[in-house]
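Inspection log for the structure reproduced underneath, given as structure tokens.
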Amino acid sequence: MATRVVVDPVTRIEGHLRVEVVVDEKNQRVQDAVSSATMWRGIELILRGRDPRDAWAFTQRICGVCTTIHALVSVRCIEDALGIQIPKNANAIRNIMLGTLYTHDHVVHFYHLHALDWVSPVEALKADPVKTAELQNVIIKKYGAIRDLATDFMGTNAYPKNFPKATPSYYKAFQDKVKALVESGQLGIFSPAKWWNHPDYRKLPPEVHLMAVAHYLDMLDLQREMVIPHVVFGGKNPHPHYLVGGMYSAISLEDMNAPINSARLAQVEASLDRQWEAVNNFYLLDLLAIGDIYVNQHHWTFGGGLSKKRVLGFGDFPEHYSGFQDGDYYRKLLYHSNGVVEDFARGVNNAKYYPINEKELENIAEYVQHSWFEYAGGDDRALHPWQGETKPHYTGPREGTKTNIKYLNEKGKYSWAKTPTWRNKVAEVGPLARYMVVYTAVKQGHIKPTWVDEMIVKQIDTVSAVLGAPPEVWMPTTVGRTAARGLEAQVAASVNYYFMKQLIDNIKQGDTTVANTEKFNPEVWSTAEYKGVGMTEAPRGALSHWVVIKDRKIQNYQAIVPTTWNVSPRLDHSPERSAYEAAMMDTEVKVADQPLEVLRTIHSFDPCLACSTHIFDATGKERAVVHVGTNNILP
Amino acid sequence: MAGETYWESFQKRGMSRREFIKFSTMMAGLMGLAPSFIPKLIHAMETKEKVPVIWLHGLECTCCSESLIRSGSPLASDLVLNMISLEIDDTLQASAGEPMLEHKREIMEKYHGRYILAVEGNPPLNEDGMFCIVGGKSFLEELKEAAKGAAAVIAWGSCASNGCVQAAKPNPTHAVPIHKVITDKPIIKVPGCPPIPEVMTGVILHVVQFGEIPPLDRKGRPKMFYGQRIHDTCYRRPFFNAGQFVETPDDDAAKKGWCLYKIGCRGPTTYNSCGNLRWYGGISYPIQSGAPCIGCAADGFWDNGPFHNRLVNIPLPGVETTADKVGLIAGAAAIGGLAAHAIGSAIRNTMASRETNGNNQEEKTK
Chain A
7 MATRVVVDPV
17 TRIEGHLRVE
27 VVVDEKNQRV
37 QDAVSSATMW
47 RGIELILRGR
57 DPRDAWAFTQ
67 RICGVCTTIH
77 ALVSVRCIED
87 ALGIQIPKNA
97 NAIRNIMLGT
107 LYTHDHVVHF
117 YHLHALDWVS
127 PVEALKADPV
137 KTAELQNVII
147 KKYGAIRDLA
157 TDFMGTNAYP
167 KNFPKATPSY
177 YKAFQDKVKA
187 LVESGQLGIF
197 SPAKWWNHPD
207 YRKLPPEVHL
217 MAVAHYLDML
227 DLQREMVIPH
237 VVFGGKNPHP
247 HYLVGGMYSA
257 ISLEDMNAPI
267 NSARLAQVEA
277 SLDRQWEAVN
287 NFYLLDLLAI
297 GDIYVNQHHW
307 TFGGGLSKKR
317 VLGFGDFPEH
327 YSGFQDGDYY
337 RKLLYHSNGV
347 VEDFARGVNN
357 AKYYPINEKE
367 LENIAEYVQH
377 SWFEYAGGDD
387 RALHPWQGET
397 KPHYTGPREG
407 TKTNIKYLNE
417 KGKYSWAKTP
427 TWRNKVAEVG
437 PLARYMVVYT
447 AVKQGHIKPT
457 WVDEMIVKQI
467 DTVSAVLGAP
477 PEVWMPTTVG
487 RTAARGLEAQ
497 VAASVNYYFM
507 KQLIDNIKQG
517 DTTVANTEKF
527 NPEVWSTAEY
537 KGVGMTEAPR
547 GALSHWVVIK
557 DRKIQNYQAI
567 VPTTWNVSPR
577 LDHSPERSAY
587 EAAMMDTEVK
597 VADQPLEVLR
607 TIHSFDPCLA
617 CSTHIFDATG
627 KERAVVHVGT
637 NNILP
Chain B
9 MAGETYWESF
19 QKRGMSRREF
29 IKFSTMMAGL
39 MGLAPSFIPK
49 LIHAMETKEK
59 VPVIWLHGLE
69 CTCCSESLIR
79 SGSPLASDLV
89 LNMISLEIDD
99 TLQASAGEPM
109 LEHKREIMEK
119 YHGRYILAVE
129 GNPPLNEDGM
139 FCIVGGKSFL
149 EELKEAAKGA
159 AAVIAWGSCA
169 SNGCVQAAKP
179 NPTHAVPIHK
189 VITDKPIIKV
199 PGCPPIPEVM
209 TGVILHVVQF
219 GEIPPLDRKG
229 RPKMFYGQRI
239 HDTCYRRPFF
249 NAGQFVETPD
259 DDAAKKGWCL
269 YKIGCRGPTT
279 YNSCGNLRWY
289 GGISYPIQSG
299 APCIGCAADG
309 FWDNGPFHNR
319 LVNIPLPGVE
329 TTADKVGLIA
339 GAAAIGGLAA
349 HAIGSAIRNT
359 MASRETNGNN
369 QEEKTK
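First to last, the protein sequences are chains A and B.
For the first sequence, the working numbering assigns the number 7 to the initial residue and increments by one for each residue that follows.
For the second sequence, the working numbering assigns the number 9 to the initial residue and increments by one for each residue that follows.
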């Protein structure tokens, strides 16, 4: 017998998401799965007619979790349109802010949004504090070699200020606290108590639970020190400030009132050390320990889905570059995740690799066949973002009423997300996708690898050795998706130091410029039409912004965001499902009314649903100049 | 401390029974209980729980939640696990779907009239609210339902307080601040996109420790955090007074940290604690990092752009002129060595020092 189970709201994500799964109770497998983005804000419509120099601030508010990423890609997009090359210092600063976002966002995701799919505070009560301390030491020894793959280009940190505590008395005191919380009956965010009865919480030994719950709180308090580079360079976090043409944070070594001087750089450096410690001393070790147990003890390799078939990335961490449409961005990348890889599950030698660069810009488009939108020319065709249109068309559910959904109507429209495609095909995006692209590109010899690419290959080979399984087995899984994110945080912690050194070396050369202001005043722009594109790898995957500027104002703006690629509804012309639906259908469910495994698989994508940004005409009429469909979802 | 009652907590902090009774009485006031209920409440606080909090999410970007966990004092871990009982919060909750919604219903019933409702984001009114769906129904409905039993409501951030980005023109979803749909409860507005971390935890702490809503201004904002304009607490204020302005980002004046008014700073019209409290325990705020304030805590700030356009008619203190004129005069003075008698003495002194290329503010004001 098959049961249709609804999970709404999906928690521990950004924004609002609903999933429905049809579970075959005999073999505990998911027969069908439906994912629906359940919010829409219309930010791109709001952007029309505004000053392109302000777009970063509006789009930044698409998401406060991956805060900064929409601002970054927005200034890249406007600069591409207007032909502005930012100074070398600004490029270094932006890369440090991006690297900082990666380490921070990935750590917060793993511990605060994902860990409770694996770890239970109630199980932690059964742990022996002495054994927990021993376990902590074993984990440091057994998996510690992974830390040697990172490179500290600065080398200023004298000793690890943050390191796992491995004493029985610490774990005992911590356990007593958890016990008091559970016994008080006020479990707060760990409510309700019955949640922890799920059998999967017995997969890990109690000592792993105690250790991981302790780290949950350690990292909750450390993460705030990890984003200080945003506060120094951008004034605050969440939502630091950006500038079309560079950065606002002027550099002067002669003035304490200067936004950036030696004292301020020292604050950034100290924070980079905290990021390094969180990633190398906690995150990677916990990740490998839990992943090893799940893969090798429980053979839990579910959740691969679309990653086995097709993944996509845009690349990031550029050296000083001039633009996107001229192709320079793709030539200057340190992180060569700009590509599509098909059939990775057949082994890296049998996978197919396609580079993504300026020649592929025309091959990205969006469908609305099963989205709560409609196209004037019919829903059967896809529209390129520069020609996109978005008109909302809410049709309600299959069962229930328009304001009380019982079951979604997957045969018709069922989501506030569109369906982005590359060459008319869906693709999975995210850290796992990026790792598959780099690994394939290097192993098949398509690119000249940078130190970042080489580090990624070494990481993947190291983890394959630890797990005793080749990449095509452990990578396209829920565990692999979660592991790739952790490995990427280690890359980012190294990239931070690399660009910090570059910034300091460049200042040493006498270059303190942080902004190219030749086109700061819109009076110098022509009133003609400018088109621009900006790309980035958001923490959650490939992100692109597309703009049309006319008469010095925004005429069209569109964002195609990573979670839209992953959450999107199905297509009529293909049996392939988007990443969430495909991954859920590749998962077992032991307890039908508490589909924890589905939640774990969905969380492995780090969903970010805030703000749908599709543009539509508020009066319901079609616009003569069509704008920008866009997406609901955030990286 | 988990499982500790308020009375135990007071004892540990060396506070007296009298202080405890006073606190409990204030809590009763906050909850709108009749005096006859006070003994009952005191009993409850001696024997039981922390203040339960239900945190809802509407149309938003979650920057408020992210900001809260950046708080240095108190730390988020101490606040969330020890000082309050955060019973419902989509962002951090372990459980999901029906088990979580069931828990929410139980909490709303068990603590009816006693829980704090914290709202991040706002409800859209168009499409019967279905631009934001939670548990198959509109967030609008969820919000109204949860407000019924709340003792007080906190409106986190600019979304809940004044609408923020999705309510900017043309406001396609007809998103509205929560006071448009909750009209019968006290609402503490904590605007900002996001609010400063310690402002958020400070508001909660005030309610928990003092048992009352913090003193509010006429717009419903806590006076202690929103009582002053950023302009009045800004470390760059002396440069404004002196007519020393950044004209273009990254120019020489930007490197010296001069006033950003001319490239659009909204500090003169924005009430917030960025200038005095600053972010991350005093590390910075946008102006200190060279960026003009965009006024993110002000009503309707998104439609007060373009952000690089300077605010007009901002008078100098005690001076019948505007910064623009001062700049012009100061510039002329610097070039021609003229004295501009019409403006105040501070300005005159500044010009004198500018003629000698002095950049140190102390020297200028001597």
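Every residue gets a Cβ at the ideal spot worked out from N, C-alpha and C, and that includes glycine.
Under the three-state reduction of DSSP, G310(A) is assigned to coil, being neither helix nor strand. With respect to W392(A), K419(A) sits apart: the two C-beta atoms are not nearer than 8 Å. Taking 8 Å as the threshold, the shortest C-beta distance from L125(B) to chain A does not fall below it. Nearest Cα to T407(A) within the set S75(B), G144(B), P82(B): G144(B). With the criterion set as a beta carbon lying under 8 Å from some beta carbon of chain B, the members of the stretch 44–63 of chain A are T44, M45, W46, R47, G48, I49, L51, I52, R56, D57, R59, D60, A63, in sequence order. For A565(A), the enclosing beta strand (DSSP E) starts and ends at 559–566. Listed along chain A are W46, R47, G48, each with a C-beta nearer than 8 Å to that of T181(B). The secondary-structure analysis by DSSP pairs C167(B) with nothing; it has no beta-bridge partner. Taken in chain order, the members of the stretch 255–289 of chain B whose beta-carbon sits within less than 7 Å of a beta-carbon on chain A are T256, P257, D258, A262, K263, K264, G265, W287, Y288.
By the beta-carbon neighbour count (other beta carbons within 10 angstroms, threshold 16), S126(A) is buried. If you draw a straight line from the Cα of R583(A) to the Cα of E140(A), it comes to about 45 Å. A176(B) reaches chain A at I52, counting residues in chain order whose Cβ is nearer than 7 Å. Judged by DSSP in its simplified three-state form, W46(A) adopts coil rather than helix or strand. Assignment of G492(A) by DSSP, reduced to helix, strand and coil, places it in the helix class.
Classified as exposed, T533(A) has fewer than 16 neighbouring CB atoms from the shown chains inside 10 Å of its CB. I186(B) has a beta carbon lying at 8 Å or more from every beta carbon in chain A. Counting the other Cβ atoms within 10 Å of the Cβ of Y293(B) gives 16 or more, which makes it buried. Among the residues of chain B, those whose CB is under 9 Å from the CB of G240(A) are S292, P294, S297, A299, following chain order. Taking C-beta atoms as the reference points, S81(B) and E206(B) count as a pair closer than 8 Å. Using a C-beta cut-off of 8 Å, the stretch 558–572 of chain A makes no contact with the stretch 271–281 of chain A, since fewer than three inter-stretch Cβ pairs fall below that distance. Q236(B) is outside the set of residues whose beta carbon lies under 8 Å from a beta carbon in chain A.
Scanning the stretch 107–175 of chain B for uninterrupted beta strand (DSSP E) segments of 3 residues or longer gives 123–128, 158–164, listed from N- to C-terminal end. In this structure, the beta-carbon distance from T106(A) to P235(A) falls below 8 Å. Interface with chain B (8 Å Cβ-Cβ cutoff): P568(A) is excluded.
Two segments are said to touch when three or more pairs of C-beta atoms, one from each, lie closer than 8 Å; by this definition the stretch 263–275 of chain B touches the stretch 235–250 of chain B. Of all residues in the stretch 59–71 of chain B, the ones placed with a Cβ closer than 8 Å to any Cβ belonging to chain A are P60, H65, L67, E68, C69, T70, C71, in chain order.
Contact annotation, K147(A) with E213(A): C-beta distance approximately 15 Å; criterion of less than 8 Å not satisfied. With at least 16 other beta carbons inside 10 angstroms of its own, L88(A) counts as buried. Distance check between R387(A) and each of G538(A), P398(A), Q142(A), E372(A) places E372(A) closest, using alpha-carbon atoms only. Counting of Cβ neighbours within 10 angstroms places D258(B) among the buried residues, the total reaching 16 or more.
The beta carbon of F288(A) does not come within 8 Å of any beta carbon belonging to chain B, so the residue lies off that interface.
Residue contact check for K197(B) against chain A: no CB pair falls below 8 Å. Against S146(B), the close residues of chain A are T409, in the order they occur along the chain (beta-carbon pairs closer than 7 Å). Between A84(B) and L293(A), the CB-CB gap reaches or exceeds 8 Å. For R10(A) against V16(A), the beta-carbon gap comes to about 16 Å, at or over 8 Å, which does not count as contact. Taking all protein chains in view, the Cβ of F247(B) is crowded by 16 or more other Cβ atoms within 10 Å, so the residue is classified as buried.
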